[in-house]
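Peer 1: For the record, the sequence lines run as chains V and Z.
In this text, residue positions in the first sequence follow our numbering: the first is 1, and each later residue adds one.
In this text, residue positions in the second sequence follow our numbering: the first is 271, and each later residue adds one.
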Amino acid sequence: MCQDCGCSDIPEGMVKIHAHAHSLDRDHPHPHDHEHPHDHHHEHITLDSDRRTIAISQSILSQNDRLAERNRGYFMAKGISVLNVLSSPGAGKTALLERTMSELRDRLKSAIIVGDLATDNDAQRLRRSGAEVIQITTGSVCHLEAEMIAKALQQMHLDGVQLLAIENVGNLVCPAAYDLGENLRVVVFSVTEGEDKPLKYPVMFKTADIVLISKIDLAEVVEFNRDLALHNIHQIAPQAKILEVSAKTGLGMQDWCQFIEQSLQKSLAV
Amino acid sequence: MHEVSIIQSMLDLAFDRAESQGANQIHQLNLRVGAISGVVPEALQFAFDSCTEGTIASDAKLEIEWVKAICYCPQCHAEFTPYDWVYVCPRCERLTHEIRQGRELQLISLEVS
Ligand SMILES: Nc1nc2c(ncn2[C@@H]2O[C@H](COP(=O)(O)OP(=O)(O)OP(=O)(O)O)[C@@H](O)[C@H]2O)c(=O)[nH]1
Ligand SMILES: [Zn+2]
Ligand SMILES: [Zn+2]
Ligand SMILES: [Zn+2]
Ligand SMILES: [Zn+2]
Chain V
1 MCQDCGCSDI PEGMVKIHAH AHSLDRDHPH PHDHEHPHDH HHEHITLDSD
51 RRTIAISQSI LSQNDRLAER NRGYFMAKGI SVLNVLSSPG AGKTALLERT
101 MSELRDRLKS AIIVGDLATD NDAQRLRRSG AEVIQITTGS VCHLEAEMIA
151 KALQQMHLDG VQLLAIENVG NLVCPAAYDL GENLRVVVFS VTEGEDKPLK
201 YPVMFKTADI VLISKIDLAE VVEFNRDLAL HNIHQIAPQA KILEVSAKTG
251 LGMQDWCQFI EQSLQKSLAV
Chain Z
271 MHEVSIIQSM LDLAFDRAES QGANQIHQLN LRVGAISGVV PEALQFAFDS
321 CTEGTIASDA KLEIEWVKAI CYCPQCHAEF TPYDWVYVCP RCERLTHEIR
371 QGRELQLISL EVS
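1. Once DSSP output is grouped into helix, strand and coil, what is the label at residue 355 of chain Z?
2. Just to confirm the assignment, what range does the alpha helix (DSSP H) spanning residue 234 of chain V have?
3. Would you say residue 59 of chain V lies against chain Z (beta-carbon separation less than 8 Å)?
4. If the cut-off is 8 Å on Cβ atoms, which residues from the region 232-252 of chain V count as contacting chain Z, listed in chain order?
5. Determine whether the Cβ of residue 89 of chain V lies closer than 8 Å to any Cβ atom of chain Z.
6. Is any beta-carbon of chain V found at less than 8 Å from that of residue 355 of chain Z?
7. Since residue 99 of chain V and residue 247 of chain V are thought to touch, with beta carbons under 8 Å apart, how far apart are those beta carbons, to the nearest angstrom?
8. Going by DSSP, which residues form a beta bridge with residue 58 of chain V?
9. For a contact defined as C-beta to C-beta under 8 Å, what are the partners of residue 288 of chain Z on chain V?
10. Are there 16 or more other CB atoms within 10 angstroms of the CB of residue 357 of chain Z, so buried, or fewer, so exposed?
11. Could you tell me whether the Cβ atoms of residue 97 of chain V and residue 85 of chain V are closer together than 8 Å?
12. For residue 197 of chain V, which residues in chain Z fall below 7 Å Cβ to Cβ?
13. My output table needs one value for residue 286 of chain V: the three-state DSSP class, helix, strand or coil.
14. Kindly indicate if chain Z contains any beta-carbon less than 8 Å away from that of residue 20 of chain V.
15. Short check: CB of residue 161 of chain V to CB of residue 308 of chain Z, under 8 Å?
16. Give me the subset of the region 131-144 of chain V whose CB atoms are less than 7 Å from a CB atom of chain Z, sorted by chain position.
17. Quick one, are the C-beta atoms of residue 115 of chain V and residue 138 of chain V less than 8 Å apart?
18. What does DSSP give as the partner residue(s) for residue 116 of chain V in the beta ladder?
19. Does any heavy atom of ligand 5 sit closer than 7 Å to the C-beta of residue 343 of chain Z?
20. I'd like the span of the alpha helix (DSSP H) that includes residue 261 of chain V, first residue to last.
21. Could you tell me the alpha carbon to alpha carbon distance between residue 72 of chain V and residue 359 of chain Z, rounded to whole angstroms?
22. Go ahead and pull the three-state DSSP assignment for residue 304 of chain Z.
23. Short of 8 Å in beta carbon distance, which residues of its chain neighbour residue 24 of chain V, apart from the five on each side in sequence? Order them along the chain.
24. Does the Cβ of residue 272 of chain V have 16 or more other Cβ atoms within 10 Å, making it buried, or fewer, making it exposed?
25. Kindly say whether residue 206 of chain V, judged by its beta-carbon, lies nearer than 8 Å to any beta-carbon of chain Z.
26. Tell me whether residue 361 of chain Z, by its Cβ, gets closer than 7 Å to a heavy atom of ligand 5.
27. Let me check you understand the geometry: is the CB of residue 193 of chain V closer than 7 Å to at least one non-hydrogen atom of ligand 3?
28. Establish whether the CB of residue 203 of chain V and some CB of chain Z are separated by less than 8 Å.
29. Quick one: does the C-beta of residue 339 of chain Z sit closer than 7 Å to a heavy atom of ligand 1?
30. Please tell me whether, using a cut-off of 7 Å, the distance from the CB of residue 279 of chain Z to the nearest non-hydrogen atom of ligand 4 is below it.
31. Could you tell me whether the Cβ of residue 383 of chain Z comes closer than 8 Å to any Cβ of chain V?
32. What distance in whole Å lies between the Cβ atoms of residue 167 of chain V and residue 209 of chain V, which are believed to be in contact at a cut-off of 8 Å?
33. Just the C-alpha distance for residue 325 of chain Z and residue 149 of chain V, rounded to the nearest angstrom, thanks.
34. Which chain V residues sit within Cβ distance under 8 Å of residue 314 of chain Z?
35. Just to confirm, is the Cβ distance from residue 331 of chain Z to residue 305 of chain Z under 8 Å?
36. Which runs of the alpha helix (DSSP H), 4 residues or longer, sit entirely within the region 296-347 of chain Z?
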């Protein structure tokens, strides 16, 4: 379609750039059978200049978005609920998942995909929780993409699995832009990181379905201002549910596990 | 730095199209980038410069059109432009997370020969 006038009889993808004025038009073919003011240019490739414009108008992440939708379809068909767990490095994602999977062990069959730049330490830790664990080593890529998830899925035995947790690479910036096909985005931030974390990483927090304040056992030691933190999260991410947890003492884990089980039922109900 | 990934995805798209249209050189790439797309313009330019080296876009210009965030208040049924990261409706002062514009990360067009 012609981007300028909306007419549809232009060869796909090619619009614009007459390097010449229309009054000088020699007998070049004009593909329109209708009249319209020619203040835009299209179609003509050669003549005075061979410089031309190719119209694209496509999202740069469309490839990822397509693959994410495919993952989502796959998860739905298998009845698996998927968490995308995001935080800065060291906020406690692995510890949280270890504890979560251990607590849910008797009630739910779970699996984990963990993304890390290099080592498989997290995977080894997580295996102890009894869940099936697949490690994605991303090398220099600082986030997981839908395609990496699709590849990992091929190696997993997901029959009967109800919950899949994806531990993203520790990074609060770019994983925000990549849909993996998850049901829920879980953004974790620890009390040791400061109350203003949501203000520093608003793009990420705005995508959160739930924000977990982690390492709550350390709140007092670091003089964590709870009210301020809750206020900041709510201002930036009014849509997000907020829970406070400690993977160390287990505080708040019950509410968190309950939340997971409820969301599982919801995702199965649709 | 995911700007490199973004630029690479963009170039994949661009080279693919340029090739299928018989172009030998890309002179300019026109991008549309939203205020809450999460990319940093300087980092985009930097990634662009390093990723295009030795390609048909080695001399190309990266033209970025910035689009601001626009929110929607479900209570007032109206759009508004937020001042900052707190998306509060100027009419009813309610917080919203409904975003109508600002997440864009689009390759609009290429100028080629
Ligand atoms: N006190 C306390 N320490 C915790 C808690 N959760 C995690 N930690 C500690 O924080 C450090 C980092 O925890 P991890 O679970 O590895 O954090 P992560 O987010 O998985 O880290 P990356 O994968 O490297 O991004 C470890 O030393 C944990 O023992 C908690 O609830 N309380
Ligand atoms: Zn036209
Ligand atoms: Zn970890
Ligand atoms: Zn990244
Ligand atoms: Zn309002």
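All C-beta atoms, glycine included, are put in the ideal place defined by N, C-alpha and C.
Peer 2: Based on what the coordinates show:
1. Position 85 of the second sequence, counting from 1, holds the residue named residue 355 of chain Z. Three-state result, residue 355 of chain Z: coil.
2. Here the question's residue 234 of chain V lines up with position 234 in the first sequence. Its alpha helix (DSSP H) spans residues 226-236.
3. Taking the first sequence and counting its residues from 1, one reaches residue 59 of chain V at position 59. Chain Z contact via Cβ: present.
4. 234, 235, 236, 237, 238 and 239
5. As a first step, residue 89 of chain V is located in the first sequence; it is residue number 89 there, counting from the start. Not closer than 8 Å to any Cβ of chain Z, the Cβ of residue 89 of chain V fails to qualify, so no.
6. Working through the second sequence from its first residue, we reach residue 355 of chain Z at position 85. Closer than 8 Å to some Cβ of chain V, the Cβ of residue 355 of chain Z qualifies, so yes.
7. In the first sequence, residue 99 of chain V corresponds to position 99, counting from 1. In the first sequence, residue 247 of chain V corresponds to position 247, counting from 1. Contact holds; Cβ gap of about 5 Å.
8. To locate residue 58 of chain V, count along the first sequence from 1; it is residue 58. Residue 58 of chain V is bridged to Z:377.
9. In the second sequence, the residue the question calls residue 288 of chain Z occupies position 18. Residues of chain V passing the Cβ test: 54.
10. Within the second sequence, numbered from 1, the residue matching residue 357 of chain Z stands at position 87. The residue in question, residue 357 of chain Z, is buried, as its Cβ has 16 or more Cβ neighbours within 10 Å.
11. Looking up residue 97 of chain V in the first sequence gives position 97. Looking up residue 85 of chain V in the first sequence gives position 85. Going by C-beta atoms, residue 97 of chain V is nearer than 8 Å to residue 85 of chain V.
12. On the first sequence, residue 197 of chain V is found 197 positions in, with the first residue counted as 1. What residue 197 of chain V touches in chain Z: nothing, since even the nearest Cβ is about 13 Å away.
13. Any answer about residue 286 of chain V is impossible in this case: the structure gives chain V only from 1 up to 270.
14. Taking the first residue of the first sequence as position 1, residue 20 of chain V is located at position 20. Caution is warranted here: a pLDDT of 42 is assigned to residue 20 of chain V, below 50, making its placement in the model unreliable, and the coordinate value is therefore given only provisionally. So no, residue 20 of chain V is outside the interface.
15. The sequence position of residue 161 of chain V within the first sequence is 161, counting from 1. The sequence position of residue 308 of chain Z within the second sequence is 38, counting from 1. Not a contact, by the Cβ cut-off of 8 Å.
16. 141, 142 and 143
17. Reading the first sequence from its first residue, position 115 is the one you call residue 115 of chain V. Reading the first sequence from its first residue, position 138 is the one you call residue 138 of chain V. It is a contact, given that the beta carbons lie within the stated cut-off.
18. Sequence index remark: in the first sequence, residue 116 of chain V carries index 116 (1-based). For residue 116 of chain V, which the question treats as bridged, DSSP gives the partners V:137.
19. Start at 1 with the first residue of the second sequence, and residue 343 of chain Z comes out as number 73. Residue 343 of chain Z Cβ: within cutoff of ligand 5.
20. If you number the first sequence from 1, residue 261 of chain V lands on position 261. Residues 253-269.
21. Position 72 of the first sequence holds residue 72 of chain V. Position 89 of the second sequence holds residue 359 of chain Z. Cα to Cα, the separation comes out at about 33 Å.
22. Here residue 304 of chain Z is taken as the residue at index 34 of the second sequence, counted from 1. In this structure, residue 304 of chain Z counts as strand in the three-state DSSP scheme.
23. Counting from 1 along the first sequence, the entry for residue 24 of chain V is found at position 24. Reliability of the predicted coordinates at residue 24 of chain V is poor, the pLDDT of 39 falling under 50, and the value obtained from them is presented with this limitation in mind. If we look at residue 24 of chain V and ignore the five residues flanking it on each side, it has no Cβ neighbours.
24. Because chain V spans 1 through 270 in this model, residue 272 of chain V falls outside it and cannot be assessed.
25. For the purposes of this step, residue 206 of chain V is taken as the residue at position 206 of the first sequence. It does; some Cβ of chain Z falls within 8 Å.
26. Your numbering for residue 361 of chain Z matches position 91 in the second sequence. Within the cutoff, so yes.
27. Here residue 193 of chain V corresponds to residue number 193 of the first sequence, with the count starting at 1. Residue 193 of chain V: no, Cβ never under 7 Å from ligand 3.
28. Position 203 of the first sequence holds residue 203 of chain V. Yes, residue 203 of chain V counts as interfacial toward chain Z.
29. For the purposes of this step, residue 339 of chain Z is taken as the residue at position 69 of the second sequence. Checking every heavy atom of ligand 1 against the Cβ of residue 339 of chain Z, none is found closer than 7 Å.
30. Numbered from 1 along the second sequence, position 9 holds the residue referred to as residue 279 of chain Z. It does not: the Cβ of residue 279 of chain Z is nowhere closer than 7 Å to a heavy atom of ligand 4.
31. In the second sequence, the residue the question calls residue 383 of chain Z occupies position 113. Yes, residue 383 of chain Z lies at the interface with chain V (some Cβ there is under 8 Å from its Cβ).
32. Start at 1 with the first residue of the first sequence, and residue 209 of chain V comes out as number 209. Start at 1 with the first residue of the first sequence, and residue 167 of chain V comes out as number 167. Not quite, the Cβ-Cβ distance comes to about 16 Å (not below 8 Å), so this is no contact.
33. Residue numbering aside, residue 325 of chain Z sits at position 55 when the second sequence is read from its first letter. Residue numbering aside, residue 149 of chain V sits at position 149 when the first sequence is read from its first letter. Each residue's alpha carbon lies about 30 Å from the other.
34. Position 44 of the second sequence, counting from 1, holds the residue named residue 314 of chain Z. None at all; the shortest Cβ gap to chain V is about 11 Å.
35. Taking the first residue of the second sequence as position 1, residue 331 of chain Z is located at position 61. Taking the first residue of the second sequence as position 1, residue 305 of chain Z is located at position 35. No.
36. 311-322
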